[in-house]
Amino acid sequence: MDRSDVRAEVKKLLIKGLRLTVSAQEIVDEAPIFGQSSEGTGLGLDSIDALELVVLVEERFNVTIGDEDTGKRAFASVAALADFISEAPAA
Amino acid sequence: MAGAVAITGVGQVTALGGDVTALTAGLAEGRCGIGPLTLFAHRGRAAIAAQVPELPPTAVSGARRLSRSDRFALVATAEACRMAGLDAALRADAALVVGATTGGMFETEEAYRRWRAGEHRRVRLSLFLGMPLSTVGAAVGQGLGMFGPRATVSTACSSGALAITTAAGMVQRGEAPVAIALGVDTLCRLTYAGFDALQALDAEACRPFDATRRGLSLGEGAGVVILERVDHAHARGARIRALLLGSAVTADAHHVTAPHPQGSGALAAMRSALAAAGVAPEAVDYVNAHGSGTRHNDDVEVAALREVFGARLPRLPVSSTKSQVGHCLAAAGAVEAVATVVALTDGILPPTVTLRTPEPTWADLDFVPSAGRRAPLGIAVSSSYGFGGHNVTLVLARPEVRT
């Protein structure tokens, strides 16, 4: 999978796994997944979503998000998450 | 409970629809909401239920994660608040009393099923967050901005009615200016399999008070009643839809599922509630019975009604709303209180829609068969009897009766 494929897969996982009502086209690659950016973009997800997303990402992409710092980096945006998945060694 | 309390709003979600308008139409037309069970697979004696046809929409943010139960509760409470004209400031101070028995069990079962089946390697947090009964109050309170006292009560099938008497007591004691009473439960595998194992389910739609009745039909939903002191309702210019004149709570101390054979607890609840309301049995115009449709319940309940109302019982309409919305468990007492308020405000006698062949010994009684009838009603009694012998009776009235 190239990175744009991974981004598309991540968006699908977010929408289905977290039951979001937005479409994939509406999710900005660089916008924050949790809360909002200063420009008002972002999905506005909360800490429960974060816990759920760890499990969803680990199961779907066979990676490990071992600690909070890794999680913060990986979940910064859809683009960051796709990069993390692409670069991570298989768990 | 002493002294009348005003009811200024009601809300509901049941198989008959997602608001009070749908319930009112269903009562008047005599619709039966019992049909095939499709929410989950069940192998057993029965496969029918009064299922809510579609998940009602809500504008509250964060609703995507709510359990079925929490969503029913939120939608019905929002409706009742709108009807009562509770703005953000009034909701902020309102007490919230929840009656519930299984909360998010349906989703928790689904999480377990998916994990067992290997569909999920790890259990999904969002599927069992709604498991504790306290999440109903948390979801409703957060969704509608309520910062007042909050409590959850659980007395099996009288939980919803107990929530109403508990909430009424809170406004009478001045613990909150307004109290919101809510009963909620959804169908789930645990409940369905449990009632089936008890041989309490009828394979056909339940037929309360019918000679051929074989058990109950499970239902689901939420019922909500907004309570406040009469002077508080007057002061803010709210329309008083009905009065809770009095109520009583008793227990059987007899059996884990069966009612006391002489109906002593049910009898005591009815008599105490009428006494608390200051209402003579002769003044009652309608009884919304527990009427579950089991052989046992209906036998004991009719015997208790004959004790209380005596020779006048044949002229006193008695019906079971469970023939239309099934047995909604913790929601039952609240939904039936809402149906009783509708009966009073709209002058409709709610029917026992599935009654075809009355018991020969009850041929003298009026169970309002088939469809709702128009009738002016002043005072009505609604009773709920829960497993373990948890009995609650409410005495409701049109506001003109006392003001």
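Protein sequence lines, in the order shown, are assigned to chains X and F.
Residue numbers for the first sequence, in my numbering: 928 to 1018.
Residue numbers for the second sequence, in my numbering: 17 to 419.
Glycine included, every Cβ here is placed at the ideal spot set by N, Cα and C.
Note that the structure is predicted; figures quoted are calculated from it, not measured.
- Between residue 201(F) and residue 347(F), the C-beta gap is smaller than 7 Å, which places the two residues in contact.
- In this structure residue 265(F) does not touch residue 350(F) by the C-beta definition: roughly 15 Å separates them, more than the 8 Å allowed.
- Bridge pairing for residue 364(F): 390(F) [DSSP].
- Distance check between residue 975(X) and each of 144(F), 237(F), 126(F) and 124(F) places 144(F) closest, using alpha-carbon atoms only.
- Partner residues in the beta bridge of residue 243(F), as assigned by DSSP, are 23(F) and 195(F).
- Here the region 78 to 87 of chain F lies against the region 148 to 168 of chain F, with 3 or more beta-carbon pairs under 8 Å apart.
- Within 10 angstroms of the beta-carbon of residue 928(X) lie fewer than 16 other beta-carbons, which makes it exposed.
- Interface residue (Cβ-Cβ distance to chain X less than 7 Å): residue 255(F) is not classified as such.
- The C-alpha of residue 255(F) lies about 37 Å from the C-alpha of residue 280(F).
- For residue 940(X), the nearest beta carbon of chain F is not closer than 7 Å to its own beta carbon.
- Looking at the DSSP output, residue 85(F) bridges to nothing.
- Interface with chain F (7 Å Cβ-Cβ cutoff): residue 970(X) is excluded.
- DSSP places residue 260(F) inside the beta strand (DSSP E), whose first and last residues are 258 to 267.
- Counting only the Cα atoms, residue 39(F) lies some 11 Å from residue 357(F).
- Distances from the alpha-carbon of residue 27(F) to those of 44(F), 148(F), 352(F) and 278(F) put 352(F) closest.
- In the DSSP assignment, residue 233(F) falls outside any beta strand (DSSP E), carrying neither H nor E.
- The three-state reading of DSSP puts residue 340(F) in helix, counting H, G and I together.
- In chain order, 968 place their CB closer than 6 Å to the CB of residue 955(X), counting only its own chain and leaving out the 5 sequence neighbours on each side.
- Residue state for residue 53(F) is assigned as coil, using DSSP reduced to three classes.
- In this structure, the beta-carbon distance from residue 289(F) to residue 262(F) falls below 7 Å.
- Taking a contact to require three or more Cβ pairs closer than 8 Å, the region 168 to 186 of chain F and the region 128 to 143 of chain F do not qualify as touching.
- As computed with DSSP, residue 156(F) is found in no beta bridge at all.
- Contact between the region 973 to 989 of chain X and the region 370 to 386 of chain F is not established, with fewer than three Cβ pairs separated by less than 8 Å.
- Classified as exposed, residue 330(F) has fewer than 16 neighbouring CB atoms from the shown chains inside 10 Å of its CB.
- Rounded to the nearest whole angstrom, the C-alpha separation of residue 1014(X) and residue 959(X) is 20 Å.
- For the pair residue 320(F) and residue 282(F), the Cα-to-Cα distance works out to about 7 Å.
- Beta-bridge pairing by DSSP links residue 297(F) to no other residue.
- The Cβ atoms of residue 197(F) and residue 406(F) lie no closer than 7 Å to each other.
- Among the residues facing chain F, residue 981(X) is not included, as its CB has no counterpart in that chain under 7 Å away.
- Between residue 335(F) and residue 368(F), the C-beta spacing is below 7 Å.
- The Cβ atoms of residue 50(F) and residue 388(F) do not sit closer than 7 Å to each other.
- Contact annotation: residue 224(F) and residue 309(F) have beta-carbon atoms nearer than 7 Å.
- Within the same chain, Cβ atoms closer than 7 Å to the Cβ of residue 962(X) are found at 969 and 971, the five residues on either side in sequence being excluded.
- Shown here for residue 164(F): same chain residues with a beta carbon closer than 6 Å to its own, the five before and five after excluded, namely 109, 110, 111 and 192 in chain order.
- Assigned with DSSP and collapsed to three states, residue 144(F) falls in helix.
- Spatial neighbours of residue 36(F) in its own chain (CB-CB distance under 8 Å, excluding positions within 5 residues in sequence) are listed in chain order as 26, 27, 28, 95, 99, 354 and 358.
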